[in-house]
Amino acid sequence: RRVAQDEVSRRDSARPQVSMIRGWPIARCHVETLACRSMCKFHRHRDRHAQGLAAQARSAGYSAHAVLYHAATGTFERISRGFYRIRGFPSSSHEDVIAAWVKAGSDRAVVSHETALSLHDLSTVRPHKIDLTVPREFRPPGNRPRWPSVCIHTTTRAFGRGDVVRRFGVRITSPARTIIDTAEAGTDPEYIVDAVAAALERGLVTSEDLKRAAQGRPARVERLLDRAIEEARRGTAVR
11 RRVAQDEVSR
21 RDSARPQVSM
31 IRGWPIARCH
41 VETLACRSMC
51 KFHRHRDRHA
61 QGLAAQARSA
71 GYSAHAVLYH
81 AATGTFERIS
91 RGFYRIRGFP
101 SSSHEDVIAA
111 WVKAGSDRAV
121 VSHETALSLH
131 DLSTVRPHKI
141 DLTVPREFRP
151 PGNRPRWPSV
161 CIHTTTRAFG
171 RGDVVRRFGV
181 RITSPARTII
191 DTAEAGTDPE
201 YIVDAVAAAL
211 ERGLVTSEDL
221 KRAAQGRPAR
231 VERLLDRAIE
241 EARRGTAVR
């Protein structure tokens, strides 16, 4: 404890450094989480996957002892293994998604499929797992997900310009890409129809955007998309 306190006094001062993101104070512990309000990222050195994240924490001005010290003294509130929030500030309703995204590799993973559909508020579907998409070369060993609550999708289709957006501080597939991915993955067609109608009505996509995103996908996806667009047009005409 004494070593940790000395290190905190020397490097971090009495309080952790704080940045303001949309008016919310954020612990500057992990660069990728600055957009995630008051969460900071740190893993112990013994975890091979976490060593790079610990290095990022150190590069931001925090040592392992400093993070553990702030957690022990109550400045940081532990949310889950490796994740902390500045005590006293509200939690995010999407902390589980943020955590899964960072653990999977925020530089390559993208929130996708039904989880993205939900985050875009385009459907009432309640995904049983958190959907993430990574390039095929980064699929988990043995093609098994590392965490039981996460469904890892792999793709050989590079994300094009406009295929990925930022929402709630994480990288997420765009509305058009999300709709097409969920349609191809076999989500209930009625959810797809509802999502298309909502996206068109809110101006998130155009019919051309959806058709462009569907190019190269199975014929059943194009047929479902045509049906959804037509039903959305009829619904607009009735109103």
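The opening position of the sequence shown corresponds to residue 11 in the working numbering, with each subsequent residue numbered one higher. Cβ atoms here follow ideal geometry from the backbone N, Cα and C, with glycine treated the same way.
Would you kindly work out how many angstroms separate the C-alpha atoms of residue i and residue j, rounded to a whole number?
i: V135; j: S116; result: 25 Å
i: L142; j: R167; result: 14 Å
i: A119; j: A82; result: 31 Å
i: I140; j: A114; result: 11 Å
i: A209; j: R146; result: 29 Å
i: E211; j: R171; result: 23 Å
i: V256; j: V121; result: Nothing in the structure corresponds to residue 256, since the chain is present only between 11 and 249.
i: D250; j: S128; result: Nothing can be reported for residue 250: it is not among the residues displayed for the chain, which extend from 11 to 249.
i: V203; j: S73; result: 50 Å
i: R88; j: G98; result: 12 Å
On the three-state DSSP scale, how would you describe residue i?
i: L234; result: helix
i: R243; result: helix
i: H75; result: helix
i: D141; result: strand
i: R97; result: coil
i: V135; result: coil
i: V41; result: Residue confidence for V41 is low, a pLDDT of 31 falling below 50, so the modelled location carries little weight and cannot support an answer.
i: A229; result: helix
i: T183; result: strand
i: R88; result: strand
i: T165; result: strand
Beta carbon of residue i, beta carbon of residue j: below 9 Å?
i: H123; j: T183; result: yes
i: A229; j: A205; result: no
i: A186; j: R227; result: no
i: S159; j: Y201; result: no
i: R149; j: T164; result: yes
i: L214; j: H80; result: no
Under a Cβ-count criterion, where at least 16 other Cβ atoms within 10 Å of its own Cβ denotes burial, should residue i be classed as buried or exposed?
i: H138; result: exposed
i: L235; result: buried
i: D198; result: exposed
i: T188; result: buried
i: F93; result: buried
i: G179; result: buried
Would you please state the rounded distance, in angstroms, between the beta carbons of residue i and residue j? I believe it to be under 8 Å.
i: A242; j: I190; result: The Cβ separation is near 15 Å, so there is no contact.
i: W157; j: A110; result: 7 Å
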